[in-house]
Structure formats: structure tokens, C-alpha cells
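Start counting the sequence shown at -15; every next residue gets the next number (the numbering used here). Yeah, the Cβ is synthetic: ideal placement off N, Cα and C, and Gly gets one too.
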Amino acid sequence: MRFNGDWFVYHTQRSTGGISDTHDAFMSDFYLTLVFFLLFTGVISLFSNIVVLLMFWKFKELRTATNFIIINLAFTDIGVAGIGYPMSAASDIHGSWKFGYAGCQIYAALNIFFGMASIGLLTVVAIDRYLTICRPDIGQKMTMQSYNLLILAAWLNAVFWSSMPVVGWASYAPDPTGATCTINWRQNDVSFISYTMAVIAVNFVLPLSAMFYCYYNVSATVKRYKASNCLDSANIDWSDQMDVTKMSIVMIIMFLVAWSPYSIVCLWASFGDPKTIPAPMAIIAPLFAKSSTFYNPCIYVIANKKFRRAIIGMVRCQTRQRITINSQVPMTTSQQPLTQ
């Protein structure tokens, strides 16, 4: 390992000006607000994503291949909300990173892991939408094994990129305030720059391009069917597809909102002076990346009529027999229940 515990103490004190010197700053209104935000969003994220999992557990007809991607996405959100938010909030209250060098490595690696997995799974959702709507000749041939391979690829990609700083390609370290751990963008050497460029290319530019391509074609296909009055003849619930098209636009926007600040910070550190990056920006950037745990359930669950109907039924404690979930689903092969 390139750094040890002595480096951790020295590096933290050097980057923050000493723990005692910055403790008052952490107790300012800004940091107290930050603690409240972390606790509030963490609780909401945990609750909403657990509700998602309970919904799939209760309603077997919703356990489709495509929705299995959403289940995996909920687990990534729970991972960030259950690990990332509490540790960050505790360190903000304490005034510095309080979980030591090993805790810093684990915290940063897990947050990068769940974040990269989430991006990969969002890309798989986009690919599924494209194949189902635009290329049904291919979509109807997709099997559960095909979806498992795509989901596995998203997880393995996350394992690779999150483990690289641990083994020496770039590194993890406390941020300038010492309240959280992330990629050590202040050490802008060749290792950091090469890692950053690779991560942005593979886990930001490429997924965003794929999602834009997929959803643009989905939107174009829906409009083409609508213009030709062929909606009734297609084996698709076009009411649901209108929701999917709208959700795709929101997804792309929120993807940019969540990950652009973090990418900007890394690019700034790579090609500029890391010391000129404002501390609030360094704090807010990873928070924006974590924010997907909060809005993902809204985009992928609440906006879906079937999911919304199931969740309302759960809240009202209705039995499965009293809840009508439309059997006409916006998929063909990929939406067959996994239990069949």
C-alpha cells in the first residue's frame, strides 16, 4: 500500500489546516445544514428504496426481467444511503474524518462502487428500452440470461473502477475539509489524471452517449407510430411508453445534474490547480452524485402507473386481490414475469 496511517493523519491536517483549526468552520450554519441534509435524504432514500423492494416482493407479476434491473438499482441506492450518508454526517458533526485510514478507503471505494454500478444499470435500462421499442426483433430474443449478463457487466465494471485506487491507480483520501473521503484529486499526478480521464470516458461520456442514443430513438419510434396511427396494431402499451419517453428526458437531465459537478471537479484538478477549487464545491460535488439515491425511486417507480398503483395499495394495506395491476405491459418477452 502506497500510504499508511501516518500519511493519513499528515495529509488530513495538511489539507484542512489542522483538525482543531477547522472545527469551528464545521460547526457553522453551512455544515449544520449539510448534516441535516445528509440525515434527511439518507432516511428518505433508505425508506423509499426499501418500499421498492417490498413492492417487488409482494407482487410477483412485477418481477420481470426489466424490473430486475430496477431491483438491482434499488440495492445500489440502499448501499449509498446506508453507508455513505451516515459516515459523512458523523464526520461533519465531529469536525473531521473520524473513521481512520482504513475507513476512508472502504467508504470511498464503496461509494464509487455503488455509484458506478448505478450508472451501469441505468445504461442497461436504456438498452432494454431501445431493444424493446426500436428493435423488437432483437428484444423478443432477449432471455433472462441475457439480462443477467448485462447486469453482471454493470457490477463488474463498478468493482474494477472502485478497486483501482486501492491498489495504486490514483488513490482515496479525505476531501479538503476532511469530512468525507473520495478520489484524491488534489494529488494531480500522472496516475490521477490517467485514472480520471479513463473513468470520465468509460463511466460518464460513454453511458451518457448510449442513453441519449437509446432514448432519442425510443422517442422517434413512438412519434413515428403515433403519426402513422399504428398504435393499436403494435403489441405495446403506448400509454406506458409515453411515460417512459418523458421519464427518459428526466433521467438524462438528472444524470447530468448528479454527475457533472463531480466530473468538473476532477477535470479542474487534472488540468488546473487543485488548490483553487472552492471547498464548498468540493463538498457539494460528491453530494450531487449521491443524490441519485433520492430521486431514482421517483423517476423509475412513482412515475410508473403500475408501480404507483402497487405502492398505493401497499400503503392502504390492500390485499393483492383488491389491487388491479394492468396485465398489458409495455414490453414483450422482457416483461414476462420471472416466475413463469
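In the DSSP assignment, the beta strand (DSSP E) including residue 101 goes from what residue to what residue?
Sequence index remark: in the sequence shown, residue 101 carries index 117 (1-based). Segment 84 to 117 is the alpha helix (DSSP H) holding residue 101; no beta strand (DSSP E) there.
Can you tell me whether residue 173 is buried or exposed? The criterion is at least 16 other CB atoms within 10 Å of its CB, across all chains shown.
Here the question's residue 173 lines up with position 189 in the sequence shown. Its Cβ having fewer than 16 others within 10 Å, residue 173 is exposed.
Tell me whether residue 131 is buried or exposed, calling it buried when 16 or more other Cβ atoms sit within 10 Å of its Cβ.
By one-based count along the sequence shown, residue 131 stands at place 147. By the 10 Å Cβ count, residue 131 comes out buried.
For the beta strand (DSSP E) holding residue 262, just list the boundary residues, first then last.
If you number the sequence shown from 1, residue 262 lands on position 278. Where residue 262 is concerned, there is no enclosing beta strand (DSSP E), given that its DSSP letter is neither H nor E.
What are the partner residues of residue 62, as DSSP defines its beta bridges?
Taking the sequence shown and counting its residues from 1, the one referred to as residue 62 is at position 78. The partner list for residue 62 (beta bridge, DSSP) is empty, contrary to what the question assumes.
With a 10 Å radius around its C-beta and 16 neighbouring C-beta atoms as the bar for buried, classify residue 234 as buried or exposed.
Locating residue 234 in the sequence shown gives position 250, counting from the first residue. With fewer than 16 other Cβ atoms within 10 Å, it is exposed.
In angstroms with no decimal places, state the Cα-to-Cα distance between residue 121 and residue 91.
On the sequence shown, position 137 is the one that residue 121 refers to. On the sequence shown, position 107 is the one that residue 91 refers to. Spanning the two alpha carbons is a distance of roughly 43 Å.
Going along the chain, which residues of its own chain have a beta-carbon closer than 6 Å to the beta-carbon of residue 165, five neighbours each way excluded?
To locate residue 165, count along the sequence shown from 1; it is residue 181. Excluding positions up to five away in sequence, the list reads 88, 91, 92, 156, 158.
Whose C-alpha, out of 112, 102, 106, is nearest the C-alpha of residue 143?
As a first step, residue 143 is located in the sequence shown; it is residue number 159 there, counting from the start. Distances from the CA of residue 143 to each of 112, 102, 106 were compared; the closest alpha carbon is that of 102.
Three-state secondary structure (DSSP) at residue 158?
Indexing the sequence shown from 1 puts residue 158 at position 174. Here residue 158 sits in strand by DSSP.
Can you tell me whether residue 296 is buried or exposed, with buried defined as 16 or more other CB within 10 angstroms of its CB?
Along the sequence shown, read from residue 1 onward, the residue named residue 296 stands at position 312. By the neighbour-count rule (16 or more Cβ atoms within 10 Å), residue 296 is not buried but exposed.
In whole angstroms, give me the CA-to-CA distance for residue 124 and residue 51.
Mapped onto the sequence shown, residue 124 falls at position 140. Mapped onto the sequence shown, residue 51 falls at position 67. Roughly 16 Å separates the two Cα atoms.
Can you tell me whether residue 165 is helix, strand or coil according to DSSP?
The residue given as residue 165 occupies position 181 in the sequence shown. Of the three classes helix, strand and coil, the one that applies to residue 165 here is strand, per DSSP.
Between the C-alpha atoms of residue 246 and residue 65, what's the straight-line distance to the nearest angstrom?
What you label residue 246 is simply residue 262 of the sequence shown in a count that begins at 1. What you label residue 65 is simply residue 81 of the sequence shown in a count that begins at 1. Looking at the two C-alpha atoms, the distance is approximately 18 Å.
Helix or strand or just coil, what does DSSP make of residue 127?
Reading the sequence shown from its first residue, position 143 is the one you call residue 127. The answer is coil: DSSP assigns residue 127 none of H, G, I, E or B.
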